[in-house]
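Visitor: After the structure tokens below, expect a handful of questions from me.
Residue numbers (UniProt numbering): 1 to 776.
See the structure below:
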């Protein structure tokens, strides 16, 4: 053994596994050990390792380290002595040994009586010493058996100490001595019993037992603009939370942020569950009613009245309100998502039902009007029939002789049916403009706006912002799609159907004796009112899209072309444009029917072929037919002004002008025109040109009517100048390039003297006449 102790490495190895007391004893075993092996660097290394195990920091001897080796105590010596050097290691450990070794010896021997001296009577001081002992004991961890026993007894003693502290804290709390309770809270925090402190705080501040909440937050009589119950309930919750915030500041100060953990627990387990139970969409229970629509109002008031009303907190920090807001967002999110889904579904059902009811009401009103028309006709017809019936009854016995039949009654029935059909058609025309209701469209657009505004309430929740935007877009798509399919499509379809069935000639040719019935209504006028409604709704949709989706960032202005919302909107606009185009085309057809009717009924044969004896007395002015037709055009060509875009108006007016030009040409071809009558034809043609060039002002079709004016000169040339007439026909430039030579030739044949001048005209045109041809 003595030989082993002569080897330095062996001696140092043995020493490294000894406790402080054993090391000092081993060091004094003999002079060789003391003076040769465990001295100098080896001795310093032993103390350095102990301090490192305790948790102190070793500094280089070259660094200037100010050592505080003045007399300390067990409470704060470890906080003062945190750094050591090789040269000061032993001195530092001696100071720690002086303060703590006595306590460690008691722990080793399980001597817990009078553990602390009177100078350490404060619970806070005792807690700090207990925690320091745990650190100091690690210095002897190299002797694990010794260390394990000390640490085990330390755990037992700490548990006894904590239980005593909890009892004292509970007593102080029950006596509302929050100052003393705060001291014991600090004791728990020093002893790293944060969870114990939190559990104690939660157990003494139970939300469910302290706050009495109403069974129904949204009673049936409540509204989304006024709910006193909601205000009072949130006020109760706010008062409770503020009292706990104040209490947390008193008990914990800023030593440990308990209030955020407590508030999350209360919100997650009590408040959010309660609020969620108040907004439901399940109507299966007897007497239940949906309150899911109150979700935006509830969310808004929770933020404005509850969260914004929370007190400032030293314990919770400057972000307390922001964090509490995030808690509410997180735990109310399932209900918010449910609200978004339900709202989209309910909006679709609501708008569809609204439009369906409108269709039903319109159909019912139309049936009632038709029944009233028939009833009025039947009443008037029955009065006229009474006299006939009396006569027939008197002559019943002479039926065989006079052979009276039901022919009169049958004719009357047919006449009555015709009158009924005509007046129903007239009534349908009057109802065209109500097939699409501007008021109804405005109402559903406002409903959509209200719906989107409510959903936008939840955009402040970052993690569901994209979902909210998607739902808002979905509602807009539902609005546009449903309006298109359930209102505009059937409305315009029926309007065009009515226009196609409209026959103005029937109304004019059938003489009705029943006054007080509907008078003639221009179909085009009614349809343009419908076009105006459609244009207004399109503008409403565009403004809504810009204000409610683009400006509110529901959609990205720079990426909206990628979104199917834009495609839905464009499809709607295209559908309206197509129906407008089809309807206007039908309307133009009906207008041309009117023009044709005017030409057929008012264009008299002697308008352009007057009696030579009466020509001098006849005033040179536009004929009745010309004046009437220009009046028709004047009344209809400007119907679309302000109702749609200029491009559509121009196309409409140009089409009317071209079609009118063709009708004029046809009318000329139907009439015989004398040289004397040519003056009156030219007067009509000038009248037409003046309207097109100076009133309608459509430059594209002015050349048509300019060429038409020149046609009048074909009839003004005297028959004696037939060769000059032939030259005019051959000069196509004279007619603005509007007519071909064949068309001019066809028109000139309407001269009353054509048979006489034909030979000379054809000779000029072809170089020979018919008489010049011989059969071989």
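Even glycine gets a Cβ: it sits at the ideal position worked out from N, Cα and C.
Does DSSP put residue 701 in a helix, in a strand, or in coil?
Guide: In the chain shown, the residue the question calls residue 701 occupies position 701. If DSSP states are grouped into helix, strand and coil, residue 701 belongs with coil.
Visitor: Once the 5 residues before and after residue 583 are set aside, which same chain residues still bring their CB inside 8 Å of it?
Guide: For the purposes of this step, residue 583 is taken as residue 583 along the chain shown, with counting starting at 1. So the list reads 492, 495, 496, 499, 527, 530, 531, once near-sequence residues are dropped.
Visitor: How big is the Cα-Cα spacing for residue 104 and residue 330?
Guide: What you label residue 104 is simply residue 104 of the chain shown in a count that begins at 1. What you label residue 330 is simply residue 330 of the chain shown in a count that begins at 1. In a straight line, the C-alpha of residue 104 is about 50 Å away from that of residue 330.
Visitor: Indicate whether the contact test is met: 3 or more Cβ pairs, each with one atom in the region 342 to 361 and one in the region 304 to 317, closer than 8 Å.
Guide: In short, these stretches do not touch, since the Cβ pair count stays below three.
Visitor: Measure the CB-CB distance between residue 139 and residue 50 and report whether it falls below 7 Å.
Guide: Translated into the one-based positions of the chain shown, residue 139 becomes position 139. Translated into the one-based positions of the chain shown, residue 50 becomes position 50. It is a contact, given that the beta carbons lie within the stated cut-off.
Visitor: I'd like to know if the region 665 to 683 and the region 745 to 752 are in contact, where contact means that at least 3 CB-CB pairs between them fall below 8 Å.
Guide: They touch, by the three-pair rule.
Visitor: Classify residue 401 as buried or exposed, calling it buried when 16 or more other Cβ atoms lie within 10 Å of its own Cβ.
Guide: Locating residue 401 in the chain shown gives position 401, where the first residue counts as 1. No answer about residue 401 holds up, because its pLDDT of 43 lies below 50 and its placement is not dependable.
Visitor: In the region 286 to 334, which residue ranges form an unbroken alpha helix (DSSP H) of at least 4 residues, counting only runs that do not cross its ends?
Guide: With a minimum length of 4 residues, the continuous alpha helix (DSSP H) runs that stay inside the region 286 to 334 are 295 to 301.
Visitor: Taking buried to mean at least 16 other C-beta atoms within 10 Å of its own C-beta, is residue 695 buried or exposed?
Guide: As a first step, residue 695 is located in the chain shown; it is residue number 695 there, counting from the start. Per the 10 Å Cβ criterion, exposed.
Visitor: From residue 646 to residue 638, what distance separates their C-alpha atoms?
Guide: The residue labelled residue 646 in the question sits at position 646 within the chain shown. The residue labelled residue 638 in the question sits at position 638 within the chain shown. Going from the Cα of residue 646 to the Cα of residue 638 covers about 11 Å.
Visitor: Identify every run of the beta strand (DSSP E) within the region 526 to 571, keeping only runs that are complete inside it and at least 3 residues long; order them along the chain.
Guide: None, since the region 526 to 571 contains no complete beta strand (DSSP E) of that length.
Visitor: Threshold first: 4 residues or longer. Then list the alpha helix (DSSP H) segments lying entirely within the region 619 to 661, N to C.
Guide: For the region 619 to 661, whole alpha helix (DSSP H) runs of length 4 or above, ordered along the chain, are 624 to 636.
Visitor: How big is the Cα-Cα spacing for residue 438 and residue 525?
Guide: Position 438 of the chain shown, counted from the start, is the residue given in the question as residue 438. Position 525 of the chain shown, counted from the start, is the residue given in the question as residue 525. In a straight line, the C-alpha of residue 438 is about 17 Å away from that of residue 525.
Visitor: Could you check if residue 235 is buried or exposed, using at least 16 other CB atoms within 10 Å of its CB as the buried criterion?
Guide: Position 235 of the chain shown, counted from the first residue, corresponds to residue 235. It counts as exposed.
Visitor: Between the region 126 to 146 and the region 84 to 91, can you find at least three pairs of beta-carbon atoms closer than 8 Å?
Guide: As far as the Cβ criterion goes, the region 84 to 91 does not touch the region 126 to 146, which means the pair count is below three.
Visitor: Below 8 Å on the Cβ atoms is my guess for residue 599 versus residue 547; work out the distance and round it to an integer in Å.
Guide: Taking the chain shown and counting its residues from 1, the one referred to as residue 599 is at position 599. Taking the chain shown and counting its residues from 1, the one referred to as residue 547 is at position 547. The Cβ separation is near 51 Å, so there is no contact.
Visitor: Under 7 Å Cβ to Cβ from residue 756, same chain only, skipping five residues before and after it: list those, please.
Guide: The residue labelled residue 756 in the question sits at position 756 within the chain shown. Cβ within range, chain order: 719.
Visitor: So, helix, strand or coil for residue 86, using DSSP?
Guide: Within the chain shown, numbered from 1, the residue matching residue 86 stands at position 86. Of the three classes helix, strand and coil, the one that applies to residue 86 here is coil, per DSSP.
Visitor: Helix, strand or coil for residue 57, going by three-state DSSP, please let me know.
Guide: Counting from one through the chain shown, the residue named residue 57 turns up at place 57. Correct three-state label for residue 57: strand.
Visitor: Just tell me which of 100, 82, 444 has its CA closest to the CA of residue 74.
Guide: By one-based count along the chain shown, residue 74 stands at place 74. When each option's Cα is compared against that of residue 74, the closest is 100.
Visitor: Residues in the same chain with beta-carbon distance under 6 Å from residue 47, minus the five sequence neighbours each way, listed in chain order, please.
Guide: Within the chain shown, numbered from 1, the residue matching residue 47 stands at position 47. Correct list, in chain order: 89, 90, 93.
Visitor: Could you give the first and the last residue of the continuous alpha helix (DSSP H) run that contains residue 502?
Guide: If you number the chain shown from 1, residue 502 lands on position 502. Careful: residue 502 lies outside any alpha helix (DSSP H) and carries neither H nor E.
Visitor: So which of 442, 462, 299, 435 has the shortest CA-CA distance to residue 480?
Guide: Position 480 of the chain shown, counting from 1, holds the residue named residue 480. The option with the nearest alpha carbon to residue 480 is 442.
Visitor: In whole angstroms, give me the CA-to-CA distance for residue 563 and residue 586.
Guide: Taking the first residue of the chain shown as 1, we reach residue 563 at position 563. Taking the first residue of the chain shown as 1, we reach residue 586 at position 586. If you take the alpha carbons of residue 563 and residue 586, they lie about 35 Å apart.
Visitor: So, are the CB atoms of residue 19 and residue 146 less than 7 Å apart?
Guide: Residue mapping note: residue 19 aligns to position 19 of the chain shown, counting from 1. Residue mapping note: residue 146 aligns to position 146 of the chain shown, counting from 1. Yes; because the gap between Cβ atoms is below 7 Å, this pair is in contact.
Visitor: Which residues share a DSSP beta bridge with residue 237?
Guide: Counting from 1 along the chain shown, the entry for residue 237 is found at position 237. Answer by DSSP bridge pairing: none, since residue 237 is not bridged.
Visitor: To the nearest angstrom, how far is it from the Cα of residue 539 to the Cα of residue 576?
Guide: As a working mapping, residue 539 is identified with position 539 in the chain shown. As a working mapping, residue 576 is identified with position 576 in the chain shown. Approximately 12 Å between the Cα atoms of the pair.
Visitor: With DSSP collapsed to three states, give me the class of residue 141.
Guide: As a first step, residue 141 must be located in the chain shown, where it is residue number 141. If DSSP states are grouped into helix, strand and coil, residue 141 belongs with coil.
Visitor: Rounded to whole angstroms, what is the Cα-Cα separation between residue 724 and residue 679?
Guide: Locating residue 724 in the chain shown gives position 724, where the first residue counts as 1. Locating residue 679 in the chain shown gives position 679, where the first residue counts as 1. For residue 724 and residue 679, the distance between alpha carbons rounds to 18 Å.
Visitor: Mind the definition here: the region 702 to 716 touches the region 727 to 740 only if three or more C-beta pairs lie below 8 Å; say whether that holds.
Guide: Taking 8 Å as the limit for Cβ pairs, the verdict is that the region 727 to 740 does touch the region 702 to 716.
Visitor: To the nearest whole angstrom, what separates the beta carbons of residue 261 and residue 198, a pair I think is in contact under 8 Å?
Guide: Taking the chain shown and counting its residues from 1, one reaches residue 261 at position 261. Taking the chain shown and counting its residues from 1, one reaches residue 198 at position 198. About 6 Å separates the two Cβ atoms, so the contact holds.
Visitor: Applying the 10 Å Cβ sphere with the 16-neighbour rule, what's the burial state of residue 208?
Guide: Here residue 208 refers to the residue found at position 208 of the chain shown. Label assigned to residue 208: exposed.
Visitor: Among 658, 685, 312, whose alpha-carbon lies nearest the alpha-carbon of residue 248?
Guide: Here the question's residue 248 lines up with position 248 in the chain shown. Residue 312 is the option with its Cα nearest to residue 248.
Visitor: Taking buried to mean at least 16 other C-beta atoms within 10 Å of its own C-beta, is residue 721 buried or exposed?
Guide: What you label residue 721 is simply residue 721 of the chain shown in a count that begins at 1. When all chains shown are included, residue 721 counts as exposed.
Visitor: Please list the terminal residues of the continuous alpha helix (DSSP H) segment that includes residue 756.
Guide: In the chain shown, counting from the first residue as 1, residue 756 sits at position 756. Residues 754 to 766.
Visitor: Start and end of the alpha helix (DSSP H) containing residue 193?
Guide: Indexing the chain shown from 1 puts residue 193 at position 193. From DSSP, residue 193 is part of no alpha helix (DSSP H); its letter is neither H nor E.
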